[in-house]
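Numbering (the working numbering), first residue to last: 20 to 534.
So, in structure tokens, the structure goes:
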């Protein structure tokens, strides 16, 4: 019996009377008894459970005040606002517990895929000196000792105000780091006068480590000081990031990276649903993850597990039935079996403009050279996951490889984008939008130095990034690329959970930090 399964316990009237009012939702019990097969009707277990525990003794280990307990017995009906307000009790909710088990399955699937494909798992620092995404949405780290004057006693958490102490949050890779003032140096004394930040991505450090190991990946937290109050953003989240040596040919190399992205997501997804993407002839009972995910999206839980053969037509129909094929779900069997579509940013703009002209569907007109709006991403991914490649160079960070020519498929597109592009991609999925971002990295020293000069960086600013922009290029680099996959977004997509704040037990967003 696995600890994460639900089990019906049958108490005799004397035992029930003995426990009395102490037996209430939330109470902790110690039960002894016999596991018995549930009576069946027409070949199916009554109530759905195959076994039940018929108690011979029962003891209340800890009582629960049922009058004030905020997670009632029928916890699948708990309002999400109520659960967010009681995050310390959230894992007792049936749906949230299923989400946590589902996340465990996803992470195991990712680790399995990377191991099979010879990726070495590494660790990267959480404290860093750079903002590799270039958005400037960073959390600066200031030691408590640097916030206080020499004679000032240590303040409590509520008394510390970074804004009042002049902490500068403006820092961007694409924008020159601001000059360090005397006040800044005082706040950064712990770091010898240089700013330190919570990491927004492990990418730069992964690139450094990759040169000694060829294929690496990591799963680590990332932090972004986003003020966006949307269901798609968190201030603290987890990313699976990978870096790999690629082919010399940029067209081939970009496809190599996208193939890894598609493979790791499909493997993680099949791990969640109970099937093995790499060995599709087996159906593993595992920890009833298939039941979890089907229950999460409102489909009927799969109760019968046995070895099924994907090459057998009848078994394949059963496997399809066990997959989440709810028409209202963003994920289904077909999306995981088919190869996902690829199109360039230029092709995407052409398609979006055609939709807009024919149907006037968008509030924001799609314009070549401009970022894709949320509604544009939704339209492109309406029929399934799609990789959008070769975005305009001006909209992407300096470390992405400059394209050496427009893809041949773009030559005829007059409505598309004809300006400079970079060898990059975003994976868009139904109901979510961007799930993965990746690119080839710029390895040509003269190109990356030219990019930094065009950004107007001072020599001092460029010196701070010399280890990355210069040393990694001049000391025997290799063509390489990588990507970042948001774990909360992946879980949200696969389980049809609309808000990322419900994909973690203690979500961190702008505002008060309670826990």
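Backbone N, C-alpha and C define an ideal beta-carbon position, used for all residues, glycine too. None of the values given here were measured: they were computed from a predicted structure.
query: Any idea which residues DSSP pairs residue 89 with across the strands?
result: Looking at the DSSP output, residue 89 shares a beta bridge with no other residue.
query: How is the alpha helix (DSSP H) around residue 133 delimited, first residue to last?
result: Counting along the chain, the alpha helix (DSSP H) containing residue 133 begins and ends at 113-135.
query: Helix, strand or coil: how does DSSP classify residue 244 here?
result: When secondary structure is reduced to three states using DSSP, residue 244 falls in the coil class, being assigned neither helix nor strand.
task: Run the CB neighbour count on residue 393, radius 10 Å, all protein chains shown included, and call it buried at 16 or more, exposed below.
output: Exposed, since its Cβ has fewer than 16 Cβ neighbours within 10 Å.
- prompt: Is it right to say residue 242 is buried, meaning 16 or more other beta carbons lie within 10 angstroms of its own, or is it exposed?
  reply: Taking every protein chain shown into account, the CB of residue 242 has 16 or more other CB atoms within 10 angstroms, so this residue is buried.
query: Between residue 380 and the rest of its own chain, which residues show a CB-CB distance below 6 angstroms, the 5 nearest in sequence each way excluded?
result: 374.
query: In this structure, does DSSP put residue 138 in helix, strand or coil?
result: Per DSSP, reduced to three states, the secondary structure at residue 138 is coil, with no helix or strand assignment.
query: What is the rounded straight-line gap between the Cα of residue 250 and the Cα of residue 55?
result: The straight-line gap from Cα to Cα measures roughly 44 angstroms.
query: Do the CB positions of residue 284 and residue 261 come within less than 8 angstroms of each other?
result: In this structure, residue 284 sits away from residue 261, with a CB-CB distance that is not shorter than 8 angstroms.
- prompt: Is it right to say residue 27 is buried, meaning 16 or more other beta carbons lie within 10 angstroms of its own, or is it exposed?
  reply: Classification for residue 27: exposed.
query: Any idea which residues DSSP pairs residue 452 with across the strands?
result: Paired residue(s): 448.
Buried/exposed call for residue 71, threshold 16 Cβ in 10 Å: Flag for residue 71 reads buried.
message: For residue 440 and residue 409, which I take to be in contact (beta-carbon distance under 8 angstroms), what is that distance rounded to the nearest angstrom?
response: Confirmed, about 4 angstroms.
- prompt: Helix, strand or coil: how does DSSP classify residue 212 here?
  reply: The DSSP-derived three-state label of residue 212 is coil.
field: Inter-residue Cα distance where the pair is residue 510 and residue 311
entry: Their Cα atoms are separated by approximately 12 angstroms.
- request: Check the DSSP bridge columns for residue 72 and list the partner residues they point to.
  value: Per DSSP, 28, 54.
message: Can you look up residue 484 in the DSSP assignment and give me helix, strand or coil?
response: Residue 484 falls in the coil class under three-state DSSP.
Which of helix, strand or coil DSSP assigns to residue 526: Three-state result, residue 526: coil.
- prompt: Just how far apart, CA to CA, sit residue 236 and residue 98?
  reply: About 37 angstroms.
- prompt: Helix, strand or coil: which one does DSSP assign to residue 396?
  reply: Three-state DSSP puts residue 396 in a helix.
message: If I measure Cβ to Cβ from residue 179 and keep anything under 7 angstroms in the same chain, skipping five residues before and after, which residues do I get?
response: Note that residue 179 has pLDDT 36, beneath the 50 cutoff, so the model's placement of it is unreliable and no number is given.
- request: Please classify residue 227: does DSSP put it in a helix, a strand, or coil?
  value: Reduced to three states, the DSSP call for residue 227 is helix.
- prompt: What residue from 126, 524, 79, 31 has the CA that sits closest to residue 504's CA?
  reply: The shortest C-alpha separation from residue 504 is found at 126.
Residue 268 versus residue 479 - alpha carbon distance: Taking the straight line joining both Cα atoms gives about 34 angstroms.
- prompt: From which residue to which residue does the alpha helix (DSSP H) around residue 102 run?
  reply: Boundaries of the alpha helix (DSSP H) around residue 102: 99-104.
query: Are residue 161 and residue 206 touching if we call contact CB-CB under 8 angstroms?
result: Yes, the pair counts as a contact, with Cβ atoms nearer than the cut-off.
message: Taking its Cβ as the centre, do 16 or more other Cβ atoms sit within 10 Å of residue 442, making it buried, or is it exposed?
response: Only buried fits residue 442, as 16 or more other CB atoms lie within 10 angstroms of its CB.
- prompt: Just checking my contact of residue 264 with residue 233 at CB under 8 angstroms: how many whole Å lie between their CB atoms?
  reply: By a beta-carbon distance limit of 8 angstroms, residue 264 contacts residue 233. Their separation comes to about 5 angstroms.
Integer-rounded CB distance, given that residue 29 should sit under 8 angstroms from residue 73: The C-beta separation of residue 73 from residue 29 comes to about 5 angstroms, placing the pair in contact by the 8 angstroms criterion.
- request: Return the Cβ separation of residue 149 and residue 213 in integer angstroms, given the expectation that the two are a contact with Cβ distance under 8 angstroms.
  value: The distance from the Cβ of residue 149 to that of residue 213 is about 11 angstroms, inconsistent with a contact at the 8 angstroms cut-off.
message: By the DSSP assignment, the alpha helix (DSSP H) with residue 463 in it spans what residues?
response: It is not in any alpha helix (DSSP H) - residue 463 carries neither H nor E in the DSSP assignment.
task: Please confirm whether residue 576 and residue 527 have their CB atoms less than 8 angstroms apart.
output: Residue 576 lies beyond the stretch modelled for the chain, which goes from 20 to 534, so this question has no answer here.
query: In chain order, what residues of the same chain have a beta carbon less than 6 angstroms from the beta carbon of residue 529, not counting five sequence neighbours either side?
result: Contacts found: 246.
C-beta atoms of residue 164 and residue 513 nearer than 8 angstroms: Against a cut-off of 8 angstroms, the Cβ pair of residue 513 and residue 164 comes out as no contact.
message: Could you compute how far the alpha carbon of residue 110 sits from the alpha carbon of residue 218?
response: Spanning the two alpha carbons is a distance of roughly 28 angstroms.
- request: Just the C-alpha distance for residue 415 and residue 252, rounded to the nearest angstrom, thanks.
  value: Spanning the two alpha carbons is a distance of roughly 20 angstroms.
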